[in-house]
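**Q** Protein chains in written order, with our numbering: chain D, 35 to 375; chain X, 35 to 375; chain R, 35 to 375; chain F, 35 to 375.
All residues carry an ideal CB built from backbone N, CA and C; glycine is no exception.
Once you've had a glance at the structure underneath, I'll fire off some questions.
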């Protein structure tokens, strides 16, 4: 039987306390579409955590969060600057272009990240009617390559962007892993460094299916609810989405889960190194990138599913989640050792 | 405290057996995006129920199901024929036009329904490059007005449509209520009468958030998975969506819930009539439309939430769900009696 | 050989003075995309004619003008209220929905026109995220049925619309015919009665291909040039489009041509009546609608091309243009007389 | 007074023979929207020139031609592979993304061109629902950098693409300059080397405003006319667009004009070299790229308008057209000499 642990953090199940909470609120009729007391409580909680000006809008999935974030701050004749590795560029089947109509100006990433110089390089000729005018810079924290922007880097980027009339969107599909790794609060990593809008991810860290668009420093557009509805991201029984964030945030389940995932990645990295496997990138959060030659991969893959990152370079990605077990790692590394020798 | 029972069937909670099942499958890592054994089992079950040619694609919500259904069978320069009361026309904030690019040719409904003559009236001048060519007829079963197409009517419509090279989409947000009322199986009401694609709704009848696009007689387009992904309707932890349909369909929970809702509507209708309230439409399924004068409504609404259907005609809509209690109905009607006199 | 005179006013050729003017400006290199002195002169002329606040943007065709007008004042989650007969609803292959993403709320026309009561009927439940919020009312002057709004009606509509925060768009594909018929200036029929944005048509009245979006009382959106470019309506050699409006407006060619077309329609109407043909609508401008039974039509159509308006009612549309000749009308009516008897 | 000769080839006027031809066909009413004898003759002529299977659809401008070409062969969840310098990527204000919904996979150009290796690098993971599947490769001939694909290169690209189920689109905004430079016919450079769809440009080479989408080896989609109409590219008085191609192609005006433009570019290049100006790229057709330091540019620009290509590298683009005069070049180079010393 194949083990799917290292395939992705979204291969993981739901944390039991989340399902328990869903049972707890599963009583009686409540108004739909977010006009219920559970959602109201969750909305209030986001203000407590991210700052009083915060507005939160719950959506179904990460792509939905990113698309709504982008649509909130730009028109179809404008552009989003992002890294070539960005989820919005690689993994959303062109939804940014299809739904939002916009152009993505994607740049070669530097260790999964964008630099200010790169952003600046895309700001020539603004206002020319033949070009899409950049309006948003989208960064991912932690990045698709398992790396991190420091708080200082984030602040410098937002300051630069705001000075150029650009909004900053953070794709926080793995924001909890980032916060744990940086040892900071969500607010310190978003509101305080000047992020305008955040895709706050929960699904990859123990929630059933719960993502949110969080407006921090610029407010939400007046028509945000229409945008969400037209984007097919408005759920009727919202209490079961919004409600998941209550135990997740109040009981610091996000931290507990992310710490588990991150530390498992460190353990996996250490074990792989000891087994002689070449690590190819930093392991800032819960992803380990390493080199597994094709002939070895062919033998392991039927037993342990994971994704190849770079076919030519034999680079693969191993993700850990809050349910990854040391024993699974030990078994996996043992198999690699056995296969290699 | 306001009672939200009669507001909508999506104000209802989740059936406990659904949450229990979600706990049951909440074990270990599984591949995401539908490549897991739970989803595979659900897909197989849909084939059992709707016929061997069936293909099912799970989505987040009813709007998502309708938009994907439509996109599957038409190009943006084509048109959808529907009733003016259709959910796609009234309640999706223009997602059919925005996402699919298409024109809706909406016609004045006949008791919530479309007739063949009406459809035929929109088939002039086909092929003219100045006009959107009709490609799909979309009908709702049961309708937004709580009425039903008979199996004979459905068959006549699909036969007419197919003879005119039109596909037929059924918005089945309340398909269980319809099947129970007609005393037929899902297959008899869809595949057997020639429906091409169905939005199969579960959320309004006890599921947490689970809808499906079901291709019946025409197959799905080759690129259906790309369409779903680009439409932001692909969930990573699909087992928790697809899985809900297992107990729902296997244990006939759909029937149990819909019977409860429909019979509560009959009881409500009877009690309202006895209380002298004017009923304005047939009560074929779980909705009761009646006349409540403004001054009475003003007193009741703070205690019992429901939607006004026609402001000018004092017509309101009272929905029953699988959790509606006789006691709630009794209390509600008593209040009306007291307020009226 | 078929005579195409009565098919449409866009079947007509270009007025010779227009081609002469194009030759006149056909000298030397000029900056492209509207940054040339001919376009500057035309822009100035529109200000002279429509008022100092006017902004004009030239486009290729009437559909391009309507789509850009609409896009200028609404977002995709909003709606346009129009008559069912509106060109934007019937004859643009769904470009309003496809390009602008919006919903058209079309209403049964009253003699080709919208009434305030009808507009008001579509303003229920504004702000509800499930519905497209109406943002623009689009009227056609003269209408697709050859009728006219009076100046008083126009003023009442714009006042009502503005009080409801709705912009008013006028599709002026035949605005010259309307101005001539009402005996007023363009400004009196647009700026002065409160129109916000106008599709100013020239092609149907003697220009080669020249239409313009004219912003009157509300200014143009900041990004109007990007919208035009992204809508594929920006021409490089703009002098040849913009320039046509110079002789057209300065030498009152618009009036001369429209008077000719309108008076030919009156003559045609008179002759048809004398020949016993049933006229079905008012002939306010250059269109005559009348009843020609199928068997007669079958004989005439190979010789004189025209469009059937209502197949069931045997109603046809006969358009006159600035090149329609009395002799053509005489011959046509003679043929009808001969065919009828 | 500023001289605009070197700004762009679309700064040029219309060739007098074109306007003469427009006068010649300016007689009497003709059916609109392309159902006229002039258009029929032009359509036939394209078949003669490009091959019997050819279908041609006239549009307003180059962007309109490119967008319709792309829309003809791909769905919004697919992708176009192109060079970063492609007009569709840089100069259409995101119309490919906005109108077609697609993603552009743009690659760093090699001298304005794409290589097969580059195209191949974008073909990983096809069929994965998370990614836009490449469906079209778009190349520009001659390129935006004034360079050329050889016939051999073109054939190799189309063969590779077809083997990978990719269609090939050629943006031929300057196709005449390319054909003249390569000394081949249009057919040899398009149909014969396997191009599927061509944006055939005329405006930059002496036409008033006339571009065409030409389907060569794959036929046009069944709904092409609807696509053109919905894309707002259908003109009513089509005879004046289509008709321009008659003298242009029959009398080899295209060759005469392009030869003039190309030879002027050679002359300009030679003179610039003699004046000590650094040439930065090949001059295969009618564009000369060279280095003009900022302080010199500042003095020349008020007298001779041209575009800066690369601000940092002091690279500018000087375009020649069919109306460029030796005297203008002499004066321009003299001014550079004077300013430099």
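Which ranges would you report for the alpha helix (DSSP H) in the segment 99 to 148 of chain R if only whole runs of at least 4 residues count?
**A** For the segment 99 to 148 of chain R, whole alpha helix (DSSP H) runs of length 4 or above, ordered along the chain, are 121 to 124 and 129 to 134.
**Q** Taking only beta-carbon atoms, is residue 260 (chain X) less than 9 angstroms away from chain F?
**A** Closer than 9 angstroms: yes.
**Q** Just reading off the alpha helix (DSSP H) that residue 245 (chain R) is part of, what are its end residues?
**A** Looking at the DSSP string, residue 245 (chain R) is not in any alpha helix (DSSP H); the run it does join, the beta strand (DSSP E), is 245 to 249.
**Q** Taking the C-alpha atoms as reference points, what is the distance between residue 268 (chain R) and residue 134 (chain R)?
**A** So the alpha carbons of these two residues sit roughly 17 angstroms apart.
**Q** In three-state terms, what does DSSP make of residue 95 (chain R)?
**A** Note: residue 95 (chain R) maps to coil in three-state DSSP.
**Q** Quick one: which unbroken alpha helix (DSSP H) runs of 4-plus residues sit fully inside the segment 205 to 245 of chain R? Chain order, please.
**A** The segment 205 to 245 of chain R contains these whole alpha helix (DSSP H) runs: 209 to 216 and 220 to 223.
**Q** Determine the direct distance from the alpha carbon of residue 222 (chain R) to that of residue 232 (chain R), and round the result to whole angstroms.
**A** Roughly 13 angstroms between the two C-alpha positions.
**Q** Closest by CA to residue 344 (chain F), which one among F:355, F:363 and F:324?
**A** Ranking F:355, F:363 and F:324 by Cα distance to residue 344 (chain F) puts F:324 first.
**Q** Are at least three pairs of beta-carbons, each pair with one atom in the segment 85 to 94 of chain R and one in the segment 243 to 260 of chain R, less than 8 angstroms apart?
**A** Touching, per the Cβ criterion.
**Q** What ranges does the alpha helix (DSSP H) occupy inside the segment 248 to 306 of chain F, keeping only unbroken runs of at least 4 residues that lie completely in it?
**A** Counting whole runs of 4 or more residues, the segment 248 to 306 of chain F contains the alpha helix (DSSP H) stretches 258 to 264, 273 to 276 and 279 to 284.
**Q** Measure the Cβ-Cβ separation of residue 205 (chain X) and residue 165 (chain R) and say whether it is below 9 angstroms.
**A** It is not a contact, given that the beta carbons lie outside the stated cut-off.
**Q** Take residue 333 (chain D) as the anchor and find which of D:46, D:375 and D:81 has the nearest alpha-carbon.
**A** It is D:375 whose Cα lies nearest to the Cα of residue 333 (chain D).
**Q** What residue from D:55, D:64, D:38 and D:114 has the CA that sits closest to residue 35 (chain X)'s CA?
**A** Residue 35 (chain X) has its Cα closest to that of D:64, out of D:55, D:64, D:38 and D:114.
**Q** With a threshold of 9 angstroms between beta carbons, is residue 67 (chain F) in contact with chain X?
**A** It does: the Cβ of residue 67 (chain F) has a partner Cβ on chain X nearer than 9 angstroms.
**Q** Let me make sure I understand the geometry here. Which of F:82, F:190 and F:94 has the alpha-carbon closest to that of residue 242 (chain F)?
**A** Checked all of F:82, F:190 and F:94; the closest Cα to residue 242 (chain F) is F:94.
**Q** Comparing the C-beta of residue 268 (chain R) with each C-beta of chain D, is any distance below 9 angstroms?
**A** Closer than 9 angstroms to some Cβ of chain D, the Cβ of residue 268 (chain R) qualifies, so yes.
**Q** Assuming residue 169 (chain R) and residue 117 (chain R) form a contact by the criterion Cβ under 8 angstroms, report the distance between their Cβ atoms to the nearest whole angstrom.
**A** Between residue 117 (chain R) and residue 169 (chain R) the Cβ distance is about 17 angstroms, and since that is not below 8 angstroms, they are no contact.
**Q** Taking the alpha-carbon positions, what's the residue 161 (chain X) to residue 167 (chain X) distance?
**A** Looking at the two C-alpha atoms, the distance is approximately 6 angstroms.
**Q** For the pair the segment 297 to 308 of chain F and the segment 351 to 361 of chain F, tell me if three or more CB-CB distances fall below 8 angstroms.
**A** Contact holds: three or more Cβ-Cβ distances are below 8 angstroms.
**Q** Pull the bridge partners of residue 357 (chain R) from the DSSP assignment, please.
**A** Answer is none; residue 357 (chain R) lacks a bridge partner.
**Q** Does the pairing of the segment 66 to 78 of chain F with the segment 191 to 203 of chain F give three or more beta-carbon distances under 8 angstroms?
**A** Flag = no, the segment 66 to 78 of chain F and the segment 191 to 203 of chain F do not touch.
**Q** Tell me the residue span of the beta strand (DSSP E) that contains residue 321 (chain D).
**A** From DSSP, the beta strand (DSSP E) with residue 321 (chain D) extends over 321 to 325.
**Q** Can you look up residue 48 (chain X) in the DSSP assignment and give me helix, strand or coil?
**A** Note: residue 48 (chain X) maps to coil in three-state DSSP.
**Q** So, does the CB of residue 158 (chain R) fall closer than 9 angstroms to a CB anywhere in chain D?
**A** No, residue 158 (chain R) does not count as interfacial toward chain D.
**Q** When you compare the CB positions of residue 362 (chain R) and residue 37 (chain R), do they come within less than 9 angstroms of one another, or not?
**A** It is a contact, given that the beta carbons lie within the stated cut-off.
**Q** So what does DSSP say about residue 332 (chain X), is it helix, strand or coil?
**A** Here residue 332 (chain X) sits in helix by DSSP.
**Q** Taking buried to mean at least 16 other C-beta atoms within 10 Å of its own C-beta, is residue 341 (chain R) buried or exposed?
**A** Exposed.
**Q** Kindly identify the DSSP beta-bridge partner or partners of residue 37 (chain X).
**A** DSSP output for residue 37 (chain X) lists X:338 as bridge partner(s).
**Q** By the three-class DSSP mapping on this structure, what secondary structure does residue 372 (chain X) have?
**A** Note: residue 372 (chain X) maps to helix in three-state DSSP.
**Q** Please name the residues in the segment 47 to 58 of chain R whose beta-carbon is closer than 8 angstroms to at least one beta-carbon of chain F, in chain order.
**A** Answer in chain order: 47, 48, 50, 53, 56 and 57.
**Q** Using only the alpha-carbon positions, how far apart do residue 173 (chain X) and residue 262 (chain X) sit?
**A** Roughly 21 angstroms between the two C-alpha positions.
**Q** Does the distance from the C-beta atom of residue 319 (chain D) to that of residue 181 (chain D) stay below 9 angstroms?
**A** Cβ atoms of residue 319 (chain D) and residue 181 (chain D): closer than 9 angstroms.
**Q** Consult DSSP for residue 170 (chain D) and reduce its assignment to one of helix, strand or coil.
**A** It is a strand residue.
**Q** Thinking C-alpha only, which one of D:107, D:142 and D:298 is nearest residue 322 (chain D)?
**A** Residue 322 (chain D) has its Cα closest to that of D:298, out of D:107, D:142 and D:298.
**Q** With hydrogens ignored, establish whether the beta-carbon of residue 164 (chain D) is closer than 8 angstroms to any heavy atom of the ligand MG.
**A** The ligand MG is not part of the structure shown, which contains no ligands of any sort.
**Q** Does DSSP put residue 350 (chain F) in a helix, a strand or coil?
**A** Residue 350 (chain F): strand per DSSP, three-state reduction.
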